[in-house]
Amino acid sequence: MIRIYRQLLVAQIQAAAQYRIQALLWMLFSIIRPVIFLAAWTAVATAQGGSVGGYSASDFAAYYIALTLVNHLCIAWNSFEFEFEIRQGRLSPKLLRPLHPLHYSVVENLVFKITTLLPLCLVLVIVALTFNVRWAGEWWHLVIFVPSIILAAALSFMLGWVVATATFWLQRINTVNTLFQRTAFIFAGQIAPLALMPEWMQVVSYALPFAYILAVPAEILRGGVTLERCLLYLVGQAVWLGLTIIAFRFAWRAGLREYSAVGA
Amino acid sequence: MDAPVVDVRALRKVYRVTERETGLAATFRSLVKRRYREVLAVDGITFHIDPGEVVGFLGPNGAGKTTTLKMLSGLLHPTGGEATVLGHVPWRRDGTFLRGMTLLMGNRSQLVWDIPAADSFLVLKEIYAIPDAQYRRTLDELTDLLELQPLLHKPVRGLSLGERMKVEFAAGLLHSPGVAFLDEPTLGLDISMQGRIRRFVAEYNQRSGATILLTSHYMDDVVALCRRVIVIHRGVLLYDGALADLAERMAPYKRITVTLRGAVGDLAAFGEVVTSNDNVATIHVPRAQAGDRTARLVRELGDQLADISVEDPPIEEVIDKVFASERPLAEATA
């Protein structure tokens with residue numbers, strides 16, 4: 001499998017090199033929204049005498065910078081791609097090979113993230129300097145962030161695949177994707193840190209998988225949670241990842257029975 | 001005797017499709033209540049193919065050929081019946097089965113468009129776990145047979161249709177599959193490229209001993225490559241047997257074409273005059289009497305006769321007759 005991944009990486013890097021400006025633009029677009037929220041919350045904190053619900057302007061800056069980095073490392077677009085793969089007949093050749101189609105997406109996903117990580121970090125340094133960021137963490141926050149971001153990225157990727165399998169039944173899943181994205185937007189901690197949301201929303205957020213993709217690793221990286229809570233979050237991420245993998249296996253097997261390979 | 005490589009028993013596929021009438025009212029009705037219709041694409045076909053055979057799989061558009069190939073390559077689950085390919089149930093898609101077969105579809109691409117074919121081949125080498133020496137040997141062989149050398153290092157999107165088909169063939173055969181399903185492999189190619197692909201398929205079959213099931217609307221492909229044909233129409237198997245027998249069974253006549261030095265007169269006494277233009281006429285005569293009738297034509301037309309030829313009717317005409325009959329030629333077997 002390592003040899004397959006090595007060769008797929010080489011091929012994907014070659015293909016991605018031809019669209020590097022597009023990849024760079026996608027990366028920049030992904031920064032716009034958190035920076036707008038950061039600016040808004042900074043204005044609110046300043047207007048309220050320096051902080052909102054215990055978050056100072058610098059804390060907001062740390063949170064949204066962490067969130068932007070986490071969002072970049074966890075982003076998965078396979079649910080959008082999959083519909084086109086089926087409609088354009090690109091899934092069938094993959095199904096004919098002794099390698100699960102999921103692996104091609106893993107590589108595509110990794111290549112985008114690796115090739116755009118450095119420019120993203122440069123932009124985030126500028127944002128950090130502009131908003132006078134303050135990091136409140138301990139060394140172990142950084143250590144725990146590593147498994148947390150891996151679990152979050154895997155969870156985001158596999159959830160994307162579960163949504164993608166809906167294409168087997170619905171043919172077009174744009175609306176399903178939009179619903180998924182909007183729900184994630186509300187419950188993943190993008191509007192505000194989850195601690196500032198009403199209590200019922202916090203309960204719902206931690207019961208759903210979305211917080212474990214963005215808010216949880218972002219809060220860990222910001223250094224805003226205790227060690228005990230960090231470990232609890234890791235368990236939550238692992239449980240959701242396990243459930244998502246099981247759901248995917250069922251959905252994939254059932255979906256293939258529905259697959260009509262039209263146009264392929 | 002070796003076990004069949006492809007063994008198909010009462011294979012059936014029914015698609016469920018939505019249906020609605022035209023017009024605004026019907027559109028709104030369909031938003032509330034959807035109507036479905038079942039389309040029988042393959043209706044219980046049975047056949048088997050022995051190792052090394054090249055079999056033509058014929059039928060008009062919508063006959064169920066591609067659906068059958070998709071089931072046999074594991075892309076589709078059947079509604080009923082059974083099939084094994086290389087001893088495996090295709091739709092279980094286990095690794096050994098996938099490593100042992102290929103499905104090549106004309107006008108469909110399996111290569112990455114943005115990179116040269118040579119790089120896609122290296123990916124396939126790892127996916128199929130092809131040992132280095134075998135990979136080099138197979139690639140050399142395919143490069144030689146398909147004249148790939150100038151194409152290997154160009155991005156696939158820059159290749160012409162014919163060039164792309166050649167690299168697609170190579171990509172599909174790099175892992176030396178024991179079974180190849182070829183669906184319209186010469187579709188859209190010019191005459192010269194069709195000929196090359198045909199020669200390649202024949203040579204590949206001879207060199208590797210691979211079993212090949214081929215669909216094509218170009219009868220030249222079938223005549224050049226297949227001694228045996230399976231004909232299906234509306235999902236039903238109409239004929240399975242030798243191509244030569246099919247012509248004899250469905251067209252029990254020979255075609256005599258006479259070219260005269262002057263205008264064609266009344267030739268009805270020699271057989272059924274099918275066409276007659278200026279000085280050329282085509283006559284159908286019963287197969288058994290083709291020799292006698294030809295001799296009579298030569299004798300009676302004498303100096304008037306400039307040329308004469310006796311042939312089987314074109315295979316297109318024969319196949320058309322099978323489709324038109326729409327009933328199985330029950331006594332025909334492989």
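The listed protein sequences derive, respectively, from chains Z and Y. When we follow the numbering used here, the leftmost residue of the first sequence carries the number 1, and every step to the right adds one. When we follow the numbering used here, the leftmost residue of the second sequence carries the number 1, and every step to the right adds one. From the three backbone atoms N, C-alpha and C, an ideal C-beta is built for every residue, glycine too. The structure presented is a predicted model; accordingly, all values stated were derived computationally and were not measured.
Alpha helix (DSSP H) containing residue i: first to last residue?
{"i": "Lys94/Z", "result": "91-95"}
{"i": "Pro101/Z", "result": "101-130"}
{"i": "Pro217/Z", "result": "215-222"}
{"i": "Met266/Z", "result": "Residue coverage of chain Z in this structure runs from 1 to 264, which leaves residue 266/Z outside it and unanswerable."}
{"i": "Arg255/Y", "result": "Per DSSP, Arg255/Y belongs to no alpha helix (DSSP H); it is in the beta strand (DSSP E), 253-260."}
{"i": "Ala45/Z", "result": "20-47"}
{"i": "Val163/Z", "result": "139-165"}
{"i": "Ser79/Z", "result": "78-87"}
{"i": "Ala16/Z", "result": "2-17"}
{"i": "Asp132/Y", "result": "132-146"}
{"i": "Gln181/Z", "result": "174-187"}
{"i": "Ile386/Y", "result": "What the structure shows of chain Y is the stretch from 1 to 334, and residue 386/Y is not part of that stretch, so it cannot be assessed."}
{"i": "Ser58/Z", "result": "57-74"}
{"i": "Ala247/Z", "result": "227-258"}
{"i": "Ala211/Z", "result": "From DSSP, Ala211/Z is part of no alpha helix (DSSP H); its letter is neither H nor E."}
Candidates the options: which alpha carbon is nearest residue i's?
{"i": "Phe29/Z", "options": "Ala62/Z, Leu142/Z, His72/Z", "result": "His72/Z"}
{"i": "Pro60/Y", "options": "Pro177/Y, Ile256/Y, His284/Y, Ser216/Y", "result": "Ser216/Y"}
{"i": "Cys226/Y", "options": "Val236/Y, Glu203/Y, Leu238/Y", "result": "Glu203/Y"}
{"i": "Pro150/Y", "options": "Ala118/Y, Ser109/Y, Asp240/Y", "result": "Ala118/Y"}
{"i": "Leu24/Z", "options": "Trp252/Z, Ile2/Z, Gly189/Z, Leu122/Z", "result": "Leu122/Z"}
{"i": "Val35/Z", "options": "Leu9/Z, Leu67/Z, Glu228/Z, Ala16/Z", "result": "Leu67/Z"}
{"i": "Ser309/Y", "options": "Arg255/Y, Ser160/Y, Ala180/Y", "result": "Arg255/Y"}
{"i": "Val89/Y", "options": "Ala251/Y, Val8/Y, Ser109/Y, Leu267/Y", "result": "Val8/Y"}
{"i": "Ile114/Z", "options": "Leu159/Z, Ala17/Z, His100/Z, Leu227/Z", "result": "Ala17/Z"}
{"i": "His141/Z", "options": "Leu227/Z, Ala261/Z, Glu258/Z, Ile4/Z", "result": "Leu227/Z"}
{"i": "Leu174/Y", "options": "Leu40/Y, Ser160/Y, Phe121/Y", "result": "Phe121/Y"}
{"i": "Glu316/Y", "options": "Val222/Y, Arg199/Y, Arg29/Y", "result": "Val222/Y"}
{"i": "Tyr64/Z", "options": "His103/Z, Asn132/Z, Thr46/Z, Leu8/Z", "result": "Asn132/Z"}
{"i": "Leu124/Z", "options": "Leu38/Z, Arg87/Z, Ala45/Z", "result": "Leu38/Z"}
{"i": "Ile212/Y", "options": "Ala295/Y, Ser73/Y, Arg164/Y", "result": "Ser73/Y"}
{"i": "Ser79/Z", "options": "Arg87/Z, Gly160/Z, Trp26/Z", "result": "Gly160/Z"}
{"i": "Leu214/Y", "options": "Phe270/Y, Val39/Y, Leu58/Y", "result": "Leu58/Y"}
{"i": "Ile144/Z", "options": "Trp41/Z, Arg3/Z, Pro198/Z, Cys230/Z", "result": "Cys230/Z"}
{"i": "Phe157/Z", "options": "Met1/Z, Tyr259/Z, Leu8/Z, Phe82/Z", "result": "Phe82/Z"}
{"i": "Val127/Z", "options": "Ala62/Z, Ile75/Z, Phe210/Z, Thr46/Z", "result": "Ala62/Z"}
Tell me residue i's beta-bridge partners as DSSP assigns them.
{"i": "Ala83/Y", "result": "Val8/Y"}
{"i": "Lys13/Y", "result": "Val42/Y"}
{"i": "Thr18/Y", "result": "Tyr36/Y"}
{"i": "Thr211/Y", "result": "Val179/Y"}
{"i": "Ile49/Y", "result": "Val6/Y"}
{"i": "Val52/Z", "result": "Tyr55/Z"}
{"i": "Pro155/Y", "result": "Pro116/Y"}
{"i": "His88/Y", "result": "Val85/Y"}
Terminal residues of the continuous beta strand (DSSP E) containing residue i?
{"i": "Arg228/Y", "result": "228-233"}
{"i": "Asn277/Y", "result": "272-277"}
{"i": "Ala170/Y", "result": "Careful: Ala170/Y lies outside any beta strand (DSSP E), inside the alpha helix (DSSP H) at 161-173."}
{"i": "Val236/Y", "result": "236-242"}
{"i": "Ser309/Y", "result": "305-311"}
{"i": "Phe57/Y", "result": "54-58"}
{"i": "Ile283/Y", "result": "280-286"}
{"i": "Lys105/Y", "result": "The question names Lys, but residue 105/Y is Met in the sequence shown. Unbroken beta strand (DSSP E) run through Met105/Y: 101-105."}
Listing by chain order, which chain Z residues have their CB less than 7 Å from the CB of residue i?
{"i": "Gln289/Y", "result": "In chain order: nothing, as chain Z lies at least about 50 Å away."}
{"i": "Tyr204/Y", "result": "Per Cβ cutoff of 7 Å: no residues; Tyr204/Y is ~18 Å from chain Z at best."}
{"i": "Leu103/Y", "result": "Leu96"}
{"i": "Ile366/Y", "result": "The displayed coordinates of chain Y run from 1 to 334. Any statement about residue 366/Y would go beyond what the structure contains."}
Starting from the beta carbon of residue i, find every residue of chain Y whose beta carbon is closer than 7 Å, and list them in chain order.
{"i": "Ser3/Z", "result": "Per the sequence presented here, residue 3/Z reads as Arg, with Ser not at that position. The contacting residues are Glu126."}
{"i": "Pro93/Z", "result": "Gln110"}
Which residues in chain Y sit within 8 Å of residue i, going by Cβ to Cβ distance?
{"i": "Leu110/Z", "result": "Near Leu110/Z there are no residues of chain Y at all, since even the closest Cβ is about 15 Å away, more than 8 Å."}
{"i": "Leu99/Z", "result": "Ile127"}
Anything in chain Z within Cβ reach of residue i, meaning under 9 Å, just list it in chain order.
{"i": "Leu122/Y", "result": "Gln7, Val10, Ala11"}
{"i": "Asp245/Y", "result": "Going along chain Z, no residue has its Cβ under 9 Å from Asp245/Y, so there is no contact; the nearest lies around 33 Å."}
So with CB distances below 9 Å, who are the chain Y contacts of residue i?
{"i": "Tyr259/Z", "result": "Leu75, Leu76, His77"}
Can you list the residues of chain Z that residue i reaches, using a CB-CB cut of under 8 Å?
{"i": "Asp119/Y", "result": "Val10, Ala11, Gln14"}
Taking only beta carbons into account, state which residues of the region 51-79 of chain Y come closer than 8 Å to chain Z, listed in chain order.
Contact annotation: in the region 51-79 of chain Y, residues whose CB is within less than 8 Å of a CB in chain Z are Lys70, Ser73, Gly74, Leu75, Leu76, His77.
Taking Cβ-Cβ distances below 8 Å as the criterion, which residues of the region 146-177 of chain Y are in contact with chain Z?
Contact residues of the region 146-177 of chain Y toward chain Z are absent (C-beta to C-beta distance below 8 Å).
What residues in the region 13-35 of chain Z have a beta carbon less than 7 Å from any beta carbon of chain Y?
Answer set for the region 13-35 of chain Z: Gln14, Ala15, Gln18.
Against chain Z, which members of the region 12-36 of chain Y pass a CB distance test of less than 8 Å?
When C-beta distances to chain Z are compared with 8 Å, the residues of the region 12-36 of chain Y below that value are Tyr15, in chain order.
What are the residues of the region 79-98 of chain Y that lie near chain Z, defined by any Cβ-Cβ distance shorter than 9 Å?
Listed in sequence order: Trp91, Arg93, Asp94, Gly95, Thr96, Phe97, Leu98.
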